[in-house]
Structure formats: C-alpha cells, structure tokens
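Undergrad:
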Amino acid sequence: MMVFETSKANAILTILQGCNNLTRLKKIQAHVIVNGLQNHPAISNSILNFCAVSISGSLAYAQHLFKHIQNPQTQAWNSIIRGFAQSPSPVQAIFYYNRMLFDPVSGPDTFTFSFTLKACERIKALKKCEEVHGSIIRTGYERDVVVCTGLVRCYGGNGCVEIARMVFDNMPEKDLVAWNAMISCYSQAGYHQEALRIYDNMTNENVGVDGFTVVGLLSSCSHVGALNMGVKLHRIASEKGLLRNVFVGNALIDMYAKCGNLDGALEVFNGMPRDMFSWNSMIVGFGVHGFGDEAIYFFNQMLEAGVRPNSIAFLGLLCGCSHQGLVEEGVEFFHQMSSKFNVKPGIKHFGCIVDMYGRAGKLEKALKIIGDSPWQDDPENLNCIHGHDHSESTAKPKSLKQDEISNKFSKIMYLCFGAFLSRSPFEFAKLLVACWLFKPDITVVLG
DNA sequence: TTAGGGTTAG
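For what it's worth, the numbering used here labels the leading residue of the first sequence as 8, then goes sequentially.
Structure (structure tokens):
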C-alpha cells in the first residue's frame, strides 16, 4: 500500500478546490508530480473530475488522464461518465459505462447509474435504459430515490409513460423531485389530465410544492385550457414567493394566454424578470388571438430590450399579422426575418404567409408563396398550412404518388377556403371547378 | 463523497 504525506496531500486538495481554469490545474498537477502524489486517490480523482465536469475543464484532457490511470476506481469511472453524459456527445458516456462493466474491481454504484441514465435519456436509448434498469435491480439499487427518478425520466423521455409510472409507484420513498419528474413525464407526453391528477396525490402525501411542480402543472393547464386550476397555481406560486422565478412566470403567461385571458398574461409579464421565453409567449399569445398590433408592439419592445428574436417570435408575429389582416406588415416582417435578423423562415412561417394572403383574397400570391417555398413538393407542406406539423412523425409515409395527388388536391381546397373567407365568389367558383376536375396543375386554373 | 427536476411553436 502506498503511503502519502497527509499534510501535503491536504494542502494540494485545498488548492484544487479553488481551481477554476485548466492552465492553473496543469500547474497544480506539475506540483502533484514533484511531490509524488500523482497516484493519491483523492487528488487524482479531484483532477479528473475537474477536467471532466467543470465548464472550464476539458473532456479531451480528462480522457487523456483517464487512459493513464492503471486501475480506475468507481469514482474515476463516474467522473468520466458524468462528464460525457452532460457533454454534446452523451453516447461516449455509454461507451465508458460498457467498458466499466468489464472492470473486475470497480463496479457501478448509484452515481454511475444516475449519470448513465442521464446519457440514455439525452440520446433516447431505450434499450440501454432497460439494460441499465436490469443492472440496477441486480445490484440492489432499485430503492435509491435518485436512481429511480433517473429511470422515471429516462422511460418517460422515451415515450414509455406506463413503465415510468410503474417505476414511480414502486419507489419505497418519493421525494419532491421524484413527484415533479412524474408530473413533467406526463405533461411532456401529452397526458395532461394524469399530470394534473398527480397534484391531488401530492397534496394527500404532504410532499409540498416548488417551482418545478408549478411549471409542470401549468404546462398541462395550458394544453387543456384548465384556467381555474391555473389560477389556483398562480395563487400558490404567489404564496410561495415564486413569482419572480422566470420559469414560473413564463409558464403562467403561457397558461393565461392559451386560456384566452390576455390581461392575466400581461399582469404576470409586468411583474417579473423576463427572458426570451417571456417575450415569445406574449407575442405568440397576442398573435394567435388575432391581436396583430399588440404582437408587433411586444416584438418591438423585445428588440428595444436587446433580446434577439428567434423563429418562434416571428411565428407569433406573422400569425398576428395574418389574423388581423396586416398584409403589408406581415410581408415586411417575413422578409426581415432572414435579411435583418438572420432567422431562416421555416415551413410554418411560409404557412402563415399563405394563410395571410388567402384570408386577404390574394390567391395568386398565396399560390406563388407555396411555389417559391422550399417545400413546394413536400407532402408535409399542406399539413403545416393546416396547423399540424408531422415533420417528426414516425408514421410510415403513403406512396409518393398518393401524396402528390392529395397534396395538390389539398392545395386547391386550401385556396378554395381562402377564396371563401375573402368572399371572392368568382375565385371560389373557379377553384371549386378545379377541385371537381381535379386538375393536377392548378396554376393553369389560376393563370 | 461526485447525483436527480422546469417554460414558448396558428
């Protein structure tokens, strides 16, 4: 067994705790080597952990250090797994976990499982999650509240809501974080009633409520239009002093806006610190309710506050312009998106403009926008225009020919709808005939 | 002795 000089080791550990950059760390490391402490477990772990986890560290350097550790202990494995789990390439964390399983000396512990599950959650590795779950049961860690919360999140994030619930139900003790994980699992999977029901269970169990609980529940309220519950959560947030929490504030704005209570949204907005989400929620909230002028007002205020607009801000803005009939303004913003703000218009932005022209009775222009869009031949185009984005759907596509036909048919139908809205009987009649004849090239009809 | 959680998209 190696004997280290305790006073020197402690002194170096203290210095390491205060270290905040890689250059300084390398200097300390030289000092460690001079004093023969490079194999001191706490010191080598501390150095490795800093490189792997700290923002000012370096995962590449951590990998280099790890390679030179002769018999890495569990803590060293954990550092490298944790570092990769939170890095842009979480899959590397899984590689290290797999390698660790062949280590005859250092086995996984609660920390290993926790970090590995995080990586599985981030890369949506359901199979690996199930495998890790098996190891958790075999090694007797299935009673650990943090590990189980990781499992709930990982299964939930992979769409296995029922398994997540099973893990949750089998937890011997559930703390507030575990309950919150179950709420957000339901909420993100679209099981909003179940998410709201969890709140009743929490009340019975007396686990309390924090900002995470409120945000998860409010998100579900927004989706199902549960204004009463939203107002109740607003009161709870106020009682708990959570109204200056920007996440809570944003979730409240969104809830009030989605439930149609724009005054409520404005009141929350006026009393909180703001970020990009807050501005976007106001712009989208007013925009979708047809208040184009207000959407433009908040957009300009956002620019004045120095917040850069993203694609969602423009979506709300264009939607507001479309619903209020602000055609010139809408077109101007649509052009400014890329020319002034460097935001590439997506399929939904094109859909807004088509909708705007359609409502204004400018059907040729609407058709031209479809023709000029990068998705003119994309079967998903019309889905977007009708407000359903299936771009991430995993459903099998129909045959191309069938898509092509239904796409063009839908285009005509859509324009028909626009003509109907704009009370242009002639256009409407012309397009109805087109539908009836089912001409594939509708430009002939309109030209 | 190194852990787990949150919001916006017609």
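Using N, Cα and C, we set each Cβ at its ideal position, and we do this for glycine too.
Rounded to whole angstroms, what's the CA-CA distance from glutamate 339 to isoleucine 360? Just pull it up for me.
TA: Looking at the two C-alpha atoms, the distance is approximately 11 Å.
Undergrad: So, helix, strand or coil for arginine 150, using DSSP?
TA: Of the three classes helix, strand and coil, the one that applies to arginine 150 here is coil, per DSSP.
Undergrad: Tell me the rounded alpha-carbon separation between asparagine 211 and leucine 124.
TA: Asparagine 211 and leucine 124: Cα-Cα distance of roughly 30 Å.
Undergrad: Do you know offhand how far glycine 378's Cα is from alanine 302's?
TA: One C-alpha to the other measures close to 28 Å.
Undergrad: How would you write the range of the alpha helix (DSSP H) that proline 381 sits in, first residue to last?
TA: Note, proline 381: premise wrong, no alpha helix (DSSP H); not H, not E.
Undergrad: Kindly give me the distance between the Cβ atoms of methionine 107 and proline 115, rounded to whole angstroms, as I take these residues to be in contact under 8 Å.
TA: Sure, about 6 Å apart at Cβ, within 8 Å.
Undergrad: Just reading off the alpha helix (DSSP H) that tyrosine 68 is part of, what are its end residues?
TA: It spans 66-74 - the alpha helix (DSSP H) in which tyrosine 68 sits, taken as one unbroken run.
Undergrad: Thinking just about the alpha-carbon of each residue, which of Gly271, Gly232, His230 is nearest to the one in arginine 242?
TA: Closest option to arginine 242, Cα to Cα, is Gly271.
Undergrad: Residues in the same chain with beta-carbon distance under 6 Å from methionine 209, minus the five sequence neighbours each way, listed in chain order, please.
TA: Same-chain partners within the cutoff: Trp186.
Undergrad: Specify the secondary structure class of aspartate 116 as computed by DSSP and reduced to three states.
TA: Here aspartate 116 sits in coil by DSSP.
Undergrad: Distance check for isoleucine 319 and histidine 395, CA to CA, integer angstroms please.
TA: Unreliable placement is indicated for histidine 395, whose pLDDT of 38 sits below 50; the coordinate value is still reported in the next sentence. Cα to Cα, histidine 395 sits roughly 16 Å from isoleucine 319.
Undergrad: Taking DSSP as the reference, what is the three-state secondary structure of glutamate 246?
TA: Of the three classes helix, strand and coil, the one that applies to glutamate 246 here is helix, per DSSP.
Undergrad: Alpha carbon to alpha carbon, what distance is there between lysine 134 and phenylalanine 91?
TA: Computed Cα separation, rounded: 19 Å.
Undergrad: Look at the alpha carbon of glutamate 335 and the alpha carbon of leucine 55, and state the distance between them as a whole number of angstroms.
TA: The straight-line gap from Cα to Cα measures roughly 59 Å.
Undergrad: Note down the Cα distance separating glutamine 82 from threonine 117, rounded to an integer number of angstroms.
TA: Their backbone Cα atoms lie some 11 Å apart in a straight line.
Undergrad: Counting along the chain, where does the alpha helix (DSSP H) carrying alanine 92 start and finish?
TA: 81-92 is the extent of the alpha helix (DSSP H) around alanine 92.
Undergrad: Could you pull out every residue in the same chain whose Cβ sits closer than 6 Å to the Cβ of glutamine 80, ignoring the five residues on either side in sequence?
TA: So the list reads Ser113, once near-sequence residues are dropped.
Undergrad: Using the C-alpha atoms, what's the distance from serine 94 back to leucine 44?
TA: Looking at the two C-alpha atoms, the distance is approximately 29 Å.
Undergrad: Run through DSSP, which three-state label would glycine 323 get?
TA: Looking at glycine 323 - three-state DSSP - the assignment turns out to be helix.
Undergrad: Kindly indicate the opening and closing residues of the alpha helix (DSSP H) around methionine 262.
TA: Taken as a continuous stretch (DSSP letters only), the alpha helix (DSSP H) holding methionine 262 covers 253-265.
Undergrad: Our contact map puts isoleucine 260 next to glycine 297 with C-beta atoms below 8 Å; I'd like the distance itself, whole angstroms only.
TA: Isoleucine 260 to glycine 297, Cβ: 18 Å. No contact.
Undergrad: By Cβ distance below 7 Å, which residues in the same chain neighbour asparagine 257 in space, the five residues on each side in sequence not counted?
TA: Excluding positions up to five away in sequence, the list reads Phe284, Ser285, Ser288.
Undergrad: Determine the contact status of isoleucine 190 and glycine 157, defining contact as a CB-CB distance below 7 Å.
TA: In this structure, glycine 157 does not lie closer than 7 Å to isoleucine 190 by Cβ.
Undergrad: Let's see if you can read the secondary structure: which residues bound the alpha helix (DSSP H) around cysteine 359?
TA: Counting along the chain, the alpha helix (DSSP H) containing cysteine 359 begins and ends at 354-366.
Undergrad: Using the beta-carbon count (16 or more within 10 Å), is leucine 407 buried or exposed?
TA: Unreliable positioning characterises leucine 407 in this predicted model, as indicated by a pLDDT of 36, which lies under 50. A coordinate reading is not provided.
Undergrad: So is alanine 67 buried or exposed if we call it buried at 16+ other beta carbons inside 10 Å?
TA: So alanine 67 ends up on the exposed side.
Undergrad: Less than 6 Å between C-beta atoms, sequence neighbours within five positions excluded: which residues of the same chain meet that for proline 280?
TA: Correct list, in chain order: Val253.
Undergrad: Alpha carbon to alpha carbon, how far is valine 41 from glycine 218?
TA: Cα to Cα, the separation comes out at about 49 Å.
Undergrad: In angstroms, rounded to a whole number, what distance separates the CA positions of isoleucine 354 and phenylalanine 57?
TA: Spanning the two alpha carbons is a distance of roughly 43 Å.
Undergrad: Just the C-alpha distance for valine 221 and aspartate 182, rounded to the nearest angstrom, thanks.
TA: If I take the Cα positions, the gap works out to 16 Å.
Undergrad: Around the C-beta of phenylalanine 109, are 16 or more other C-beta atoms found within 10 angstroms, so that it is buried, or is it exposed?
TA: Exposed: under 16 other Cβ atoms inside 10 Å.
Undergrad: Taking just the CA atoms, how far does threonine 119 sit from tyrosine 263?
TA: Cα to Cα, tyrosine 263 sits roughly 41 Å from threonine 119.
Undergrad: Do you know whose CA, among Gln195, Asp207, Ser245, lies nearest valine 231's CA?
TA: Ranking the options by Cα distance to valine 231, first place goes to Gln195.
Undergrad: Buried or exposed for histidine 356, please, with buried defined as at least 16 other CB atoms from any protein chain shown within 10 angstroms of its CB.
TA: Label assigned to histidine 356: buried.
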